[in-house]
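K.L.:
Chains as they are written, first to last, in this note's numbering: chain A, 150 to 515; chain B, 11 to 231; chain C, 4 to 258. Backbone N, C-alpha and C define an ideal beta-carbon position, used for all residues, glycine too. Here the structure is a predicted model, which means the values were calculated and not measured. First the structure, which I've put down as structure tokens, then a few questions once you've had a look.
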Amino acid sequence: MLQKVIQEEKRAFMTGNEVVAWAALAARAEIMFGYPITPQNEIMHYWTRLAPKYGKSFLQTEDELSAGFAAAGGVMSGRKAFTATAGTGNILMQEPLSMAEMMRLPVVAVIQQRGGPSTATVIYSQQEVNLTTMGGNGEGLRIVYSTATHQELYDYTIKAFNTAWKYRFPTFVLGDGYQAKMREPLTLYDPEARGIQLVEQEPFVGQKGSPGKDRPPAQYRNTYNLEEELFEKLMSDVRDYEKIIPELAEFQSSGVEGAELAIVGHGVVFRAVREAVNVLREQGIKVCYFRPVTLRPLPVPQLKSLAGEVKKILIVESAYGQLARLVTEAVYGANAEIHTLFKPGVGITSGEVEARAREILQKPLH
Amino acid sequence: MTDRVVEAYVGEYAAGKSENALNRAIGLAGQDRMVTLVDLDLVEPFYTLRPLQKALSRLGVEVIAWKTEETLGLGEAGTVIKPAARWALRRAGDIILDIGYGVEGARTLNLVEGSTADQDLMVIAVINCSRPWTSTVEDIVLDVQQMARVNGLINNTHMAEETTVDLVQEGARTVSNAAKILGLPVVATAVCDGIAKKIGHADCMGNPVRPLQRMMQKAFW
Amino acid sequence: MQLQPAMPRSWRVDTKPHKFCPGCGHGLILKCLGQAVDELGIEDRVVYGCDIGCSLLSWDFFNLDTVQTHHGRTTPVMTGIKRARPELICIAYMGDGGGYSIGVQHLVSSVHRNEKITVVLANNTQYAMTGGQMAPTTLPGQKTETTPYGRDPEVTGFPFQGPEMVSAIAREGAYVARGSISNMRQLTGYLKKALVNQIEGNGFSFVEALSACPTNWRTNASETWSFIDKEMHGHFKTGEFKTPGSGQGEVRADE
């Protein structure tokens with residue numbers, strides 16, 4: 150049986166879904182539960198091709214409810230388990246992931262967003278931001294990484310397992326159909342060879358020793374006697390979550406100082422934003438970009454200070470205001486004007502971002 | 011044997027099948043030959059030839075692929091074979107088949123009428139050694155052995171914008187060694203125009219170099 | 004003659020008396036299950052899962068590692084544990100609503116895949132925790148909160164035949180039985196065989212237990228037993244439906 154997935158660092162040319170499968174192996178994930186839905190299928194295709202070579206398992210379940218709950222079972226047994234889904238599958242996934250949130254289960258879920266609600270439009274979309282950040286019937290106590298490149302898909306899939314097992318909150322990697330299918334080079338590496346310590350997994354149930362003799366039985370419930378008990382439990386989790394926000398929240402920004410307009414985008418759309426900002430700055434136009442890497446928790450203090458620094462903010466997304474709602478709430482009270490470029494279910498080019506920025510700044514191309 | 015060119019491009023996911031099929035079809039059309047390009051990617055037809063159909067027609071390549079208005083939900087519900095594709099080998103002139111990926115990808119040829127009997131049909135496996143699944147001689151041999159039928163290999167080793175002459179030549183060595191074990195010829199080393207000029211007419215293993223125009227980016231990949 | 008202990012060893016004494024209503028069937032089924040676990044001496048390896056519905060009240064019932072999950076989802080959680088740690092013995096305990104309605108796809112699929120888990124399902128002919136609504140198992144003419152004039156099978160179907168369905172789609176190696184709290188010795192035997200089937204790695208095992216809900220039935224003790232023995236037994240045959248090595252076999256019902 151092969152042990153290490155990546156013997157030495159190497160550049161490779163891959164599709165996004167493949168990257169996730171390799172990254173999960175590099176993170177020493179042990180079992181995947183999945184149900185077919187485009188555009189995440191190749192995560193399962195490559196996991197099922199690779200997993201047996203490394204002694205890992207896979208189960209194709211009857212639906213995403215089962216995939217999510219079986220993944221919850223997998224982590225409770227003390228194994229690094231994960232799942233991947235999209236669209237309507239992500240809706241079903243909210244039930245198990247809500248339980249995971251409440252029972253503090255380190256389930257990792259990779260979401261490849263697709264246009265919706267619909268079938269067949271599976272390439273461009275950022276319409277699962279609401280669902281992935283706050284989709285349960287709870288308070289959204291989860292971590293969501295929104296990736297923009299294949300390298301990030303690799304890095305953050307590995308990181309997601311560490312975050313989940315360190316903090317015991319369900320953790321999502323939020324990609325999209327475009328990232329899933331597109332091809333670009335990246336560096337594959339063994340995380341430990343780079344000094345990234347992999348957080349050890351521990352069993353919730355099936356622990357060593359005889360329950361009731363050597364140790365109390367390990368018993369987990371998602372039922373509360375009274376509203377007050379639920380409140381206590383929730384508030385304790387909320388406090389835990391709020392305490393770790395500064396360690397978790399990630400962002401990327403450039404050129405904020407002196408900028409008139411900040412362009413905010415996440416995920417694959419950020420690539421267009423960055424390109425547009427570079428082009429505009431070369432032409433002497435004072436713009437900057439800000440990209441939340443974690444959509445949950447959002448880097449709120451940094452967004453607030455951004456909104457104090459610039460006069461105008463342009464929020465760009467392949468959705469009709471799902472990121473904008475998060476950002477607007479975060480910067481509430483600041484003076485910056487909020488502008489938007491929403492294209493739900495459609496890709497956004499740097500040219501479109503550039504044109505919208507010029508329109509806002511009243512600097513038309515001559 | 012006739013002078014008819016009938017080629018099917020098979021290979022691993024994202025190996026460069028469509029790019030090679032396209033360029034081959036355009037190349038043949040450029041020699042004033044009658045060429046039909048057939049999209050047999052049953053998994054992801056949406057992402058492949060469809061957006062390029064008009065451009066290809068202008069270059070003299072007849073394309074058998076779904077048009078958006080003819081279908082419903084191709085992006086996901088893609089496993090619908092176009093009737094004309096099934097009978098493509100009955101057409102006059104050169105036929106280039108772009109076959110989709112997957113465990114069953116190469117077996118897609120079974121769906122094409124006359125594929126077993128066609129004397130001219132050459133099934134070409136496209137290999138990119140920068141892809142982890144086909145990065146070593148052993149991996150390539152295993153991958154090709156699992157395909158139903160292969161008559162030759164193409165070294166399509168590249169890393170998009172990061173491609174170098176050395177990378178392509180290293181790929182040529184790996185693919186040639188795999189071909190030797192498999193008892194198959196290396197049909198060509200396919201490489202983007204700029205690098206092709208630096209390498210010349212043959213790669214370090216003596217395989218002919220086939221320059222590629224990157225068309226698929228216009229199909230968004 | 005050896006006397007049965009008042010409580011199975013695998014029960015948690017500190018959580019007794021249990022949280023079920025007086026006369027509830029759950030306590031009896033779990034007594035049988037506890038005895039089966041005791042007799043097999045598997046308490047160190049068992050993971051017990053309970054569903055939503057009254058079964059959740061058993062979350063601290065045993066001296067066993069336990070997970071209480073969502074409605075109908077105990078089957079996939081136990082599947083996940085078993086797939087990840089095959090050495091553990093996974094028991095999914097649920098009611099008829101969880102197993103035959105909201106989670107029926109999980110039951111069907113785990114049977115179909117021959118998951119090596121044990122599903123124990125309490126059939127009390129209605130949803131108890133939510134206040135006595137119709138369940139898939141409600142008898143024709145039976146009054147519930149959502150069939151106030153009695154269940155009309157033309158409108159809502161006949162009582163769901165769980166073990167019959169499971170045995171019809173189960174593969175060789177599966178164990179399928181229906182017992183009743185009115186015959187606890189037999190029920191304990193079925194549960195033990197079901198667990199042995201999992202321990203031996205033969206395949207899926209399933210035991211439905213006819214149970215009682217006097218609270219929602221509004222029955223006194225003798226009416227409760229009468230409802231089980233006369234009404235329920237008339238619609239639900241007890242016996243073993245499938246045993247490993249029996250092939251597809253005929254239903255071997257009790258007289």
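(1) Only counting the same chain, and skipping five residues up and downstream in sequence, which positions put a Cβ closer than 6 Å to that of residue 182 of chain A?
(2) What is the rounded straight-line gap between the Cα of residue 163 of chain C and the Cα of residue 97 of chain C?
(3) Which residues in chain A sit within 8 Å of residue 101 of chain B, going by Cβ to Cβ distance?
(4) Count the other CB atoms within 10 Å of the CB of residue 85 of chain C; is the residue buried (16 or more) or exposed (fewer)?
(5) Considering only the alpha carbon of each residue, which of A:157, A:430, A:439, A:154 lies closest to residue 472 of chain A?
(6) Could you tell me whether the region 159-171 of chain B touches the region 492-503 of chain A, using the rule of 3 or more Cβ pairs below 8 Å?
(7) Interface residues of chain C around residue 356 of chain A at Cβ under 9 Å?
(8) How is residue 56 of chain B classed by DSSP in three states: helix, strand or coil?
(9) In whole angstroms, what is the alpha-carbon distance linking residue 31 of chain B and residue 16 of chain B?
(10) What three-state label does DSSP hand residue 385 of chain A in the structure shown?
(11) Between the region 478-492 of chain A and the region 87-105 of chain B, are three or more C-beta pairs nearer than 8 Å?
(12) Locate the alpha helix (DSSP H) running through residue 224 of chain C, then write down its first and last residues.
(13) Identify, in the order they occur along the chain, each residue of the same chain with its Cβ nearer than 7 Å to the Cβ of residue 238 of chain A, setting aside the five sequence neighbours on each side.
(14) Fully enclosed by the region 115-175 of chain B, which beta strand (DSSP E) runs are 3 residues long or longer?
(15) Can you tell me whether residue 352 of chain A is buried or exposed, with buried defined as 16 or more other CB within 10 angstroms of its CB?
(16) Run through DSSP, which three-state label would residue 332 of chain A get?
(17) Could you run through the region 109-142 of chain B and flag, in chain order, every residue whose CB is less than 7 Å away from some CB of chain A?
(18) In three-state DSSP terms, what is residue 247 of chain C?
(19) Could you list which residues in chain C have their beta carbon closer than 7 Å to that of residue 211 of chain A, in chain order?
(20) Please confirm whether residue 23 of chain B has its beta-carbon closer than 9 Å to some beta-carbon of chain A.
(21) Give the residues of chain A in contact with residue 170 of chain B, contact being defined as C-beta atoms less than 8 Å apart.
(22) Among residues of its own chain, excluding the 5 on either side of residue 73 of chain C, which ones have a beta-carbon nearer than 7 Å to its beta-carbon?
(23) Identify the continuous beta strand (DSSP E) that holds residue 162 of chain A and give its terminal residues.
(24) Is it true that the CB of residue 337 of chain A sits closer than 9 Å to the CB of residue 196 of chain A?
(25) In chain C, what lies closer than 7 Å to residue 182 of chain A by C-beta?
(26) What residues match up with residue 29 of chain C in a beta bridge as DSSP calls it?
(27) With DSSP as the reference, label residue 215 of chain B as helix, strand or coil.
(28) Under the three-state reduction of DSSP, which class applies to residue 183 of chain C: helix, strand or coil?
(29) Quick one: Cα of residue 409 of chain A to Cα of residue 460 of chain A, how far?
(30) Ignore the nearest five residues each way along the sequence and tell me which others in residue 176 of chain C's own chain have a CB closer than 8 Å to its CB.
(31) Using a cut-off of 8 Å between C-beta atoms, extract the partners of residue 191 of chain A located in chain B.
(32) Does the beta-carbon of residue 152 of chain C have 16 or more other beta-carbons within 10 angstroms, so that it is buried, or is it exposed?
(33) Just checking: is the beta-carbon of residue 28 of chain B within a distance shorter than 9 Å of some beta-carbon in chain A?
(34) Quick check: does the Cβ of residue 248 of chain A come within less than 8 Å of any heavy atom belonging to the ligand ADP?
(35) At a CB-CB cut-off below 9 Å, which residues of chain C make contact with residue 266 of chain A?
(36) My output table needs one value for residue 278 of chain A: the three-state DSSP class, helix, strand or coil.
P.N.:
Result, derived from the coordinates:
(1) 208, 210, 216, 219, 220, 232
(2) 15 Å
(3) In chain order: nothing, as chain A lies at least about 30 Å away.
(4) buried
(5) A:439
(6) In the pairwise beta carbon analysis, the region 159-171 of chain B is classified as not touching the region 492-503 of chain A: fewer than three pairs are separated by under 8 Å.
(7) 68
(8) Because residue 56 of chain B sits at a pLDDT of 49, beneath the cut-off of 50, its placement in the model cannot be relied upon, and the point is left open.
(9) Taking the straight line from one Cα to the other gives about 11 Å.
(10) helix
(11) no
(12) 224-229
(13) 184, 186, 213
(14) 131-137, 162-165
(15) buried
(16) In this structure, DSSP gives residue 332 of chain A an extended state, which the three-state scheme calls strand.
(17) 138, 140, 141, 142
(18) coil
(19) In chain order: 108, 109, 112.
(20) Against chain A, the CB of residue 23 of chain B has a partner CB under 9 Å away; the residue lies at that interface.
(21) 162, 332, 333, 334
(22) 55
(23) Residues 159-164.
(24) no
(25) Correct list: 83.
(26) Paired residue(s): none; residue 29 of chain C is not in a bridge.
(27) coil
(28) strand
(29) 5 Å
(30) Cβ-Cβ distances below 8 Å link residue 176 of chain C to 117, 200, 205, 206, 207, 247 in the same chain, with the five nearest sequence neighbours on each side left out; the list follows chain order.
(31) 23
(32) exposed
(33) no
(34) Ligands displayed in this structure: none; no statement on the ligand ADP is therefore possible.
(35) Simply none; closest approach about 21 Å.
(36) Assignment of residue 278 of chain A by DSSP, reduced to helix, strand and coil, places it in the helix class.
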